[in-house]
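>
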Amino acid sequence: MIAVVEPATEQVMAEVPRAGVEETDAAVAAAKAAFPAWRAVAPGDRAAILRALAAALEANAGELAKLEARNAGKPIRDARGEMAMVVECFRYYAGAPERLLGRTIPVAGGVDMTFREPLGVVGLITPWNFPLVIASWKVAPGLAAGNTVVLKPAELTPLTALELERIALDAGLPKGVLNVIAGPGSVCGKRLVEHPDVAKIAFTGSTEVGRGIAAGAAQTIKRVTLELGGKSANVIFADADLGAAAAAAPLAVFANSGQDCCARSRILVERSATDAFMSELERAVKAMHVGDPLSEETEMGPLISADQRRAVASYVGDDAPVAIRGPAPDGPGFWYPPTVLAPVSNSDRAAREEVFGPIACVIPFDGEPEAITLANDTIYGLSGSVWTRDGAKALRVARAIETGVVSINSNTSVRVTTPFGGFKQSGVGRELGPDALDHYTEVKNVFYATEEG
Ligand code: NAP
Ligand code: MG
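Note that the numbering used here has the sequence shown beginning at 10, numbered continuously upward.
1) Can you list, in chain order, the residues of its chain whose CB lies under 6 Å from that of V455, leaving out five sequence neighbours each side?
2) C98 lies in the alpha helix (DSSP H); which residues open and close that run?
3) List the DSSP bridge partners of F124.
4) Where does G194 sit, in a helix, a strand or coil, going by DSSP?
5) When you measure from the CB of E24 to every non-hydrogen atom of ligand 1, does any distance come out below 7 Å?
6) The alpha helix (DSSP H) with S288 in it runs from where to where?
7) Quick check on the burial criterion: 16 or more other C-beta atoms within 10 angstroms. Buried or exposed for E279?
8) Note down the Cα distance separating W396 from T213, rounded to an integer number of angstroms.
9) Could you give the DSSP three-state label for N385: helix, strand or coil?
10) How long is the line joining the alpha carbons of T427 and A35, rounded to whole angstroms?
11) Mind checking who C271 pairs with in its DSSP beta bridge?
12) Could you say if the segment 383-400 and the segment 232-248 meet the contact criterion of at least three C-beta pairs nearer than 8 Å?
13) What does the Cβ neighbour count give for M94, buried or exposed, with the cut at 16 atoms within 10 Å?
14) Which residues in the same chain as E203 place their Cβ atom closer than 8 Å to its Cβ, once the five residues preceding and following it in sequence are excluded?
15) Any idea which residues DSSP pairs A369 with across the strands?
16) Classify V218 as helix, strand or coil using the three-state DSSP reduction.
17) Starting from F44 and walking both ways along the alpha helix (DSSP H), at which residues does that stretch end?
18) Rounded to the nearest angstrom, what separates R232 and E451 at their Cα positions?
19) Compute the Euclidean distance between the alpha carbons of S266 and G326, then round it to the nearest angstrom.
20) Let's test the definition: count the other Cβ atoms within 10 Å of the Cβ of M10 and tell me whether it reaches 16, buried, or not, exposed.
21) By the 10 Å Cβ neighbour count, where 16 or more other Cβ atoms means buried, how is E24 classified, buried or exposed?
22) What is the DSSP secondary structure of R108, counted as helix, strand or coil?
23) Taking Cβ positions, are T216 and A81 nearer each other than 8 Å?
24) Following a CB-centred definition, is S215 positioned closer than 7 Å to any heavy atom of ligand 4?
25) Reducing DSSP to helix, strand and coil, say where T135 ends up.
26) Identify the continuous alpha helix (DSSP H) that holds G393 and give its terminal residues.
27) If you draw a straight line from the C-alpha of R48 to the C-alpha of N156, how long is it?
28) Quick check: is any heavy atom of ligand 1 less than 7 Å from the C-beta of V262?
29) Count the C-beta pairs between the segment 186-206 and the segment 29-45 that are closer than 8 Å, then say yes if the count reaches three, no if not.
30) Is K240 close to ligand 1? I mean its beta-carbon at under 7 Å from any heavy atom of the ligand.
31) Excluding sequence positions up to five away, which residues of its chain have a Cβ less than 6 Å from the Cβ of K147?
32) With distances taken Cα to Cα, identify the nearest neighbour of E461 among V437, G119 and V331.
33) Tell me whether the beta-carbon of A351 lies closer than 8 Å to the beta-carbon of A329.
34) Distance cutoff 8 Å, beta carbons only. Does R424 sit that close to anything in chain B?
35) Contact check, V158 vs G151 under 8 Å by CB: the rounded distance?
Rendered as structure tokens:
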């Protein structure tokens, strides 16, 4: 059994059976058996089933949000927002079965046409930081394109994925189309990557595990999409609305307790503005509500585990001084206070490695070229922001940063309708928006001769 722990209390909140290789193979076999019938469902009928699933998720959103808030230790308001995104994601991709258009291409001697064919069984491996929402980014386009799915959630947070499987069956998704296996990555995840009947792996997690998945998938030439780590820059120029930039900066790192691949954990501030920025930032960090995930005013909960807290703490006391510390409760729970290190050099360990916890580095810079150089001096390229009132500069810098997603005068990263994914070692491929469907289909080219010879 897997003992599922509630990070705010350190108590076991549920026990679920632990899957192994046998259960993984059974799930793949079920998905393989269900594939021919699922791909043959008429596009409008497949769309209707996905809409019914979205409606069922919406009806269960309150309970799902509570379960996710408790299991992942995230503020209930954030969890509700995530469930709204899950519903929106299924609604959006319910529009896809009837819009997977091919092309006709002018050729000699006949008609040439392309089709977007499903891949078959797709294996989805997801992390513990945004359990159900990240699963929905993969399950919804995967099913919409006519694939069947085996989903392996992180062992620390399997509960909402198991609920998704139950809700989907109740909503009319045929048996075997969506199969959830709760078990360790080194066993179930590894088996999915190796399995000859799995056509594709879509993975979200650490860059380290992602490297192993890319290598493993090479053995059977599986399609792979990888959404990996980040060390994103929040570039704040002196001519920005500093009050707005400073007020928004804490949650851009500390939301989800910093356990966010899009965390803007390197705050690059133009040197002439650092004093003004730091005093605004201090006020905002000290005022943060850190505590019980189920309380309405909470902005930050605990970390996911004691291991994660140990790893996060190892970055403090290294090179850079602690400039600001926010609040954190005492007692049981894997708490860690929001912490700002300043001034930090971009070569310090805290600025180079993905901390995945509530630690922000403030790095001063002088002028636009240095801002771009520092922003790009990382192995990652997932997210980022540029704050300035100069529109041309904002666009120049946004274009120059090697990253998959960048926001101007905003710290948002993810929308259901727009592509999301990384440059460099932050990943391969794109999720969400129209682009995701490319990664769940193969293009088939059919030539039909109309002329003799
Ligand atoms: P992780 O350790 O890489 O695990 C992610 C998933 O992979 C889990 O389901 C895990 O299973 C599984 N796994 C572990 N070892 C495996 C193996 N050898 N073969 C196949 N699967 C394996 O990541 P995490 O600790 O859960 O999450 C944190 C990381 O995710 C961070 O680095 C973060 O940046 C990244 N992340 C990226 C994005 C993005 O979209 N770019 C979004 C969120 C998170 P078990 O945990 O059950 O063993
Ligand atoms: Mg891990």
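Cβ coordinates follow ideal geometry from the N, Cα and C atoms, glycine included.
Keep in mind it's a predicted model, so treat the numbers as computed, not measured.
Per the coordinate set shown:
1) Within the same chain, and ignoring the five residues on either side of V455 in sequence, the residues whose Cβ sits closer than 6 Å to its Cβ are M122.
2) In the DSSP assignment, C98 falls within the alpha helix (DSSP H) that extends over I85 to A103.
3) DSSP lists K453 as the beta-bridge partner residues of F124.
4) Reduced to three states, the DSSP call for G194 is helix.
5) Short note on E24: C-beta not closer than 7 Å to any heavy atom of ligand 1.
6) T283 to K295 is the span of the alpha helix (DSSP H), which, as asked, contains S288.
7) Its Cβ being crowded by 16 or more others within 10 Å, E279 is buried.
8) A straight-line Cα-Cα distance of about 28 Å links W396 and T213.
9) DSSP places N385 in helix when its eight states are reduced to three.
10) Near 35 Å, if we compare the C-alpha coordinates of A35 and T427.
11) DSSP output for C271 lists no bridge partner at all.
12) Yes, they touch.
13) With 16 or more other Cβ atoms within 10 Å, it is buried.
14) Excluding sequence neighbours, E203 sits near G225, Q228 and T229.
15) Partner(s): V349.
16) In this structure, V218 counts as helix in the three-state DSSP scheme.
17) It spans V30 to A49 - the alpha helix (DSSP H) in which F44 sits, taken as one unbroken run.
18) Near 10 Å, if we compare the C-alpha coordinates of E451 and R232.
19) Approximately 19 Å between the Cα atoms of the pair.
20) The Cβ neighbour count for M10, taken over all protein chains shown within 10 Å, is under 16; the residue is labelled exposed.
21) Answer is exposed; the Cβ neighbour count stays below 16.
22) Three-state DSSP puts R108 in a helix.
23) No, they are not a contact pair.
24) Among the ligands in the structure shown, ligand 4 does not appear; only ligand 1 and ligand 2 can be found there.
25) Coil.
26) That residue, G393, is in no alpha helix (DSSP H); its beta strand (DSSP E) goes G393 to W396.
27) Take the alpha-carbon of R48 and the one of N156: they are about 7 Å apart.
28) Not so, every heavy atom of ligand 1 lies at least 7 Å from the Cβ.
29) With contact defined as three or more Cβ pairs closer than 8 Å, the segment 186-206 and the segment 29-45 are in contact.
30) Using a cutoff of 7 Å, the CB of K240 does not count as near ligand 1, since none of the ligand's heavy atoms is closer than that.
31) Hits under 6 Å: L133 and A211.
32) Of the candidates V437, G119 and V331, the one whose C-alpha sits nearest the C-alpha of E461 is G119.
33) Closer than 8 Å, so yes.
34) Here there is only one protein chain, and chain B is not present.
35) Going by Cβ atoms, the distance from V158 to G151 rounds to 5 Å, so yes, they are a contact pair.
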